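Q: Protein chains in written order, with our numbering: chain A, 1 to 220; chain B, 221 to 440. From the three backbone atoms N, C-alpha and C, an ideal C-beta is built for every residue, glycine too. Treat the numbers as computed from the prediction; the structure is a model and nothing was measured.
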DNA sequence: TCGCTTGTATTTGGATCCATAATTTAGTGC
DNA sequence: GCACTAAATTATGGATCCAAATACAAGCGA
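1. Would you mind listing the alpha helix (DSSP H) stretches within the segment 9–42 of chain A that are 4+ residues and don't spill past its ends, in chain order?
2. Since residue 281 of chain B sits in a beta bridge, which residues does DSSP pair it with?
3. For residue 297 of chain B and residue 356 of chain B, I'd like the C-alpha separation in whole angstroms.
4. Please state whether DSSP places residue 86 of chain A in a helix, a strand or coil.
5. Mapping the DSSP letters down to three states, classify residue 182 of chain A as helix, strand or coil.
6. Residues in the same chain with beta-carbon distance under 7 Å from residue 339 of chain B, minus the five sequence neighbours each way, listed in chain order, please.
7. Just by C-beta distance, which residues in the segment 367–386 of chain B are closer than 9 Å to chain A?
8. Please classify residue 50 of chain A as buried or exposed, where buried requires at least 16 neighbouring CB atoms within 10 angstroms.
9. For residue 37 of chain A and residue 265 of chain B, I'd like the C-alpha separation in whole angstroms.
10. With three or more C-beta pairs closer than 8 Å as the rule, is the segment 49–69 of chain A touching the segment 20–27 of chain A?
11. Rounding to the nearest angstrom, what Cα-Cα distance links residue 47 of chain A and residue 161 of chain A in this structure?
12. Just by C-beta distance, which residues in the segment 112–146 of chain A are closer than 7 Å to chain B?
13. Along chain B, in chain order, which residues have C-beta atoms closer than 9 Å to that of residue 205 of chain A?
14. Do you know whose CA, among A/100, A/63, A/216 and A/200, lies nearest residue 33 of chain A's CA?
15. Skipping 5 residues on each side, what residues in its chain have a beta carbon closer than 8 Å to that of residue 199 of chain A?
16. Using a Cβ distance threshold of 8 Å, determine whether the segment 80–97 of chain A contacts the segment 105–118 of chain A, with at least three qualifying pairs required.
17. Who are the near neighbours of residue 68 of chain A in its chain, counting only those whose CB is closer than 6 Å to its CB and skipping five residues on each side?
18. If you run the structure through DSSP and keep just helix, strand and coil, what is residue 202 of chain A?
19. Buried or exposed: residue 170 of chain A, going by 16 or more other Cβ atoms within 10 Å of its Cβ?
20. Using the DSSP secondary-structure output, state which residues sit across from residue 70 of chain A in a beta bridge.
21. Give the C-beta separation of residue 437 of chain B and residue 385 of chain B to the nearest angstrom, bearing in mind that I take them to be a contact with Cβ-Cβ under 8 Å.
22. Considering only their Cβ atoms, is the gap separating residue 157 of chain A from residue 61 of chain A smaller than 7 Å?
23. Short of 7 Å in beta carbon distance, which residues of its chain neighbour residue 143 of chain A, apart from the five on each side in sequence? Order them along the chain.
24. Output the distance between the C-alpha atoms of residue 93 of chain A and residue 325 of chain B, rounded to the nearest integer angstrom.
25. Do residue 30 of chain A and residue 73 of chain A have their C-beta atoms within less than 7 Å of each other?
26. If you measure from the beta carbon of residue 293 of chain B to each beta carbon in chain A, is any gap under 7 Å?
27. Skipping 5 residues on each side, what residues in its chain have a beta carbon closer than 7 Å to that of residue 432 of chain B?
28. Would you report the Cα separation of residue 127 of chain A and residue 152 of chain A, rounded to the nearest angstrom?
29. Less than 7 Å separating the beta-carbons of residue 396 of chain B and residue 434 of chain B?
30. Is there a Cβ from chain B that is less than 7 Å from the Cβ of residue 94 of chain A?
31. Could you tell me the boundaries of the alpha helix (DSSP H) in which residue 333 of chain B lies?
32. Rounding to the nearest angstrom, what Cα-Cα distance links residue 42 of chain A and residue 12 of chain A in this structure?
33. Measuring only between beta-carbons, confirm whether residue 173 of chain A sits less than 7 Å from chain B.
34. Give me the chain B residues within the contact set of residue 86 of chain A, using Cβ-Cβ distance strictly less than 7 Å, ordered along the chain.
35. Is there a Cβ of chain A sitting closer than 7 Å to that of residue 278 of chain B, yes or no?
36. Smallest Cα separation from residue 192 of chain A: which of A/130, A/103, A/204 and A/125?
Next comes the structure, spelled out in C-alpha cells:
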C-alpha cells in the first residue's frame, strides 16, 4: 500500500498547532481573547475543532479557559514569572539528567548547528525559536513524558516575557547565552552530568535575576 | 434577584469532575479506555460535553488522548513514577514556601482536623483522600497558579500507585506518615520554612524509596 | 493451525442548528 | 450629564446528524 500521507493529523490538532505558533511568535499577545468563530472562519473549519484546539492549548498552558467566557492568553505578573523560572531551575536539571545518556550523534550535530546559527547573528524572533529548540532538544530523550510536558509548559508560559526581555536587552545578552550554551554542550558531549547540571542551573538563574530587574516588561 | 444556584458550572466541567473522581478513587484503572458514548449515556448528556471533559482530564494529567483512538488512563512503569516523585520533591517545597505565609487560622484547624481523623484510623480510600487534601491545602495559597496545577497533576498521575502501595504496606506505614505530618504541621505553625521544607522533602523522599522497593505494583 | 485479507461493527471526528449566557448598546428617569 | 435598566447583539455551550477511522471478526488460503 503506497499511501503517501503519513497519518494526517486531526483538524483540532492542526488548528492547535497553528494557534500555538501564533501565540509563541507573539501574533497573539497576553490578555487577548481568542474567538472561536473568528479562528474557525480564518482556518476554514467549523467551531467544533477550534473548541477542541483551545482545550489542547489549555493543556499546553498557553490559554486560560473560563466557562461561558471563552479563552484568552493569560497575563502574568513579575512574581509569577519569577516562580516559573524557579520551577525551571528545579525541573530542567532533572529532565537533562534523564535525557543526557540517550543523546545521539545526530542530536549533537543539530545542537551545534543551532548554536552556530545563533552565533552568526539572528533577530530576536529567530533567537527565541532556536534557543527553545536547543534546550528542549537536550531534554527530548527524557523517558518520563510528564516531565517533558511540564518543561514545555514552562517554556510556553514564559515565551512572551522572554521576547519582551530580549527586545530590551538585545544582542548584549546573547554573548553570555552563547558562552553558557557552549559550556553546556561540552559538558553534555563528555557525559558530565555534574557540570551540565551546574551550567544549566546557572544559565536559568542568571536569566531569572536579570529578568526581575526589568519590571517594566510587566506593566500593561 | 434571588437566584440561588451559585453559577451553575458548565456540563463539561461537571462531567470532568465526576470522571476525575472515578479515576482518583480507582473505579477507572490505568490502561482502561474511556468511551465517550458510554459516559454520555451514563451521565445523561450528549457526547459533546464528554469530549470536552476528556480534554480537561487530559490537562489534569489523568488521561492520554490519541487522535481517532480515544482516551485512556495512562499506565506508568516504576521508573516514570519514580521521576514523578522526584518532581514532587523539587516542586512541592517551592509551592509550600510560597503558600505558607498566607495560611489562615481556618486552614490550620482544617489541617488539624484531617490529621486527627487519619490518626483515628481510616481505610485506605479515606486515607488517600485525606492525605491529598492535607498536602494540597498547605499549597493552596501559592499565588502562582501554574505551580499549584503542576503539583496537582503530579498527585493525579500517581494516585493509582499510591493506592496500590498503601494496600500492600497497610497501617504500618501510616504511623510514619502521621509523625511526619505532625512535624510538618508544627513547623508550619511556627512559620519555620526551613524545617517545613526539610520535613516535606524527607516525607516525599521516604515514600519514593519505599515505593521503589515494591516493583510488583507495576506488573500488569 | 496459523496468518492474512476483507467486510462489518464500533467509536471517534466534524458540521450544522438551536439554546443559553455574557456583553454591549440604547433608552429612561433623576 | 450620569446612573441604572432593559433590550439587542454577540459568543459560548450543547444536541443531533453524518463522515471517517479504527477495531473486531469471520472467512479464505497456505
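A: In brief:
1. 11–24
2. As a position in the second chain, residue 281 of chain B is number 61, starting the count at 1. The partner list for residue 281 of chain B (beta bridge, DSSP) is empty, contrary to what the question assumes.
3. Translated into the one-based positions of the second chain, residue 297 of chain B becomes position 77. Translated into the one-based positions of the second chain, residue 356 of chain B becomes position 136. Looking at the two C-alpha atoms, the distance is approximately 25 Å.
4. The sequence position of residue 86 of chain A within the first chain is 86, counting from 1. Three-state result, residue 86 of chain A: helix.
5. Within the first chain, the letter at position 182 stands for residue 182 of chain A. Here residue 182 of chain A sits in helix by DSSP.
6. Taking the second chain and counting its residues from 1, one reaches residue 339 of chain B at position 119. The residues are 398.
7. 367, 369, 370, 373, 374 and 377
8. The residue given as residue 50 of chain A occupies position 50 in the first chain. Buried.
9. The count along the first chain starts at 1 and reaches residue 37 of chain A at position 37. The count along the second chain starts at 1 and reaches residue 265 of chain B at position 45. Roughly 24 Å between the two C-alpha positions.
10. yes
11. On the first chain, position 47 is the one that residue 47 of chain A refers to. On the first chain, position 161 is the one that residue 161 of chain A refers to. Answer to the nearest angstrom: the Cα atoms are 30 Å apart.
12. 143, 144 and 146
13. Reading the first chain from its first residue, position 205 is the one you call residue 205 of chain A. Near residue 205 of chain A there are no residues of chain B at all, since even the closest Cβ is about 14 Å away, more than 9 Å.
14. Position 33 of the first chain, counted from the start, is the residue given in the question as residue 33 of chain A. Checking every option, the nearest Cα to that of residue 33 of chain A belongs to A/63.
15. The residue you call residue 199 of chain A lines up with position 199 of the first chain. Around residue 199 of chain A: 180, 183, 184 and 187.
16. no
17. Residue numbering aside, residue 68 of chain A sits at position 68 when the first chain is read from its first letter. Result list for residue 68 of chain A: empty, nothing under 6 Å.
18. Residue 202 of chain A sits at position 202 when you count from the first residue of the first chain. Three-state result, residue 202 of chain A: helix.
19. Walking along the first chain from the start, residue 170 of chain A turns up at place 170. Result: exposed.
20. Along the first chain, one-based indexing puts residue 70 of chain A at 70. A/66.
21. To locate residue 437 of chain B, count along the second chain from 1; it is residue 217. To locate residue 385 of chain B, count along the second chain from 1; it is residue 165. Rounded, the Cβ-Cβ distance is 6 Å, consistent with contact.
22. Taking the first residue of the first chain as 1, we reach residue 61 of chain A at position 61. Taking the first residue of the first chain as 1, we reach residue 157 of chain A at position 157. Contact flag set, yes.
23. Looking up residue 143 of chain A in the first chain gives position 143. Excluding residues within five positions, the ones whose Cβ falls inside 7 Å are 98.
24. The residue you call residue 93 of chain A lines up with position 93 of the first chain. The residue you call residue 325 of chain B lines up with position 105 of the second chain. Going from the Cα of residue 93 of chain A to the Cα of residue 325 of chain B covers about 37 Å.
25. Translated into positions along the first chain, residue 30 of chain A becomes position 30. Translated into positions along the first chain, residue 73 of chain A becomes position 73. Their beta carbons are under 7 Å apart, which means residue 30 of chain A touches residue 73 of chain A by this criterion.
26. Within the second chain, residue 293 of chain B is the residue found at index 73, counting from 1. No, no contact with chain A.
27. Taking the second chain and counting its residues from 1, one reaches residue 432 of chain B at position 212. Contacts found: 298 and 302.
28. The residue you call residue 127 of chain A lines up with position 127 of the first chain. The residue you call residue 152 of chain A lines up with position 152 of the first chain. Cα to Cα, the separation comes out at about 17 Å.
29. Mapped onto the second chain, residue 396 of chain B falls at position 176. Mapped onto the second chain, residue 434 of chain B falls at position 214. In this structure, residue 434 of chain B does not lie closer than 7 Å to residue 396 of chain B by Cβ.
30. Counting from one through the first chain, the residue named residue 94 of chain A turns up at place 94. Closer than 7 Å: yes.
31. Along the second chain, read from residue 1 onward, the residue named residue 333 of chain B stands at position 113. That run of the alpha helix (DSSP H) goes 325–339.
32. Indexing the first chain from 1 puts residue 42 of chain A at position 42. Indexing the first chain from 1 puts residue 12 of chain A at position 12. Near 14 Å, if we compare the C-alpha coordinates of residue 12 of chain A and residue 42 of chain A.
33. In the first chain, the residue the question calls residue 173 of chain A occupies position 173. So, not an interface residue.
34. Working through the first chain from its first residue, we reach residue 86 of chain A at position 86. Ordered by position in chain B, the residues that pass the 7 Å Cβ test against residue 86 of chain A are 314.
35. Position 58 of the second chain, counted from the first residue, corresponds to residue 278 of chain B. Yes, because at least one Cβ of chain A sits closer than 7 Å to the Cβ of residue 278 of chain B.
36. To locate residue 192 of chain A, count along the first chain from 1; it is residue 192. The shortest C-alpha separation from residue 192 of chain A is found at A/103.
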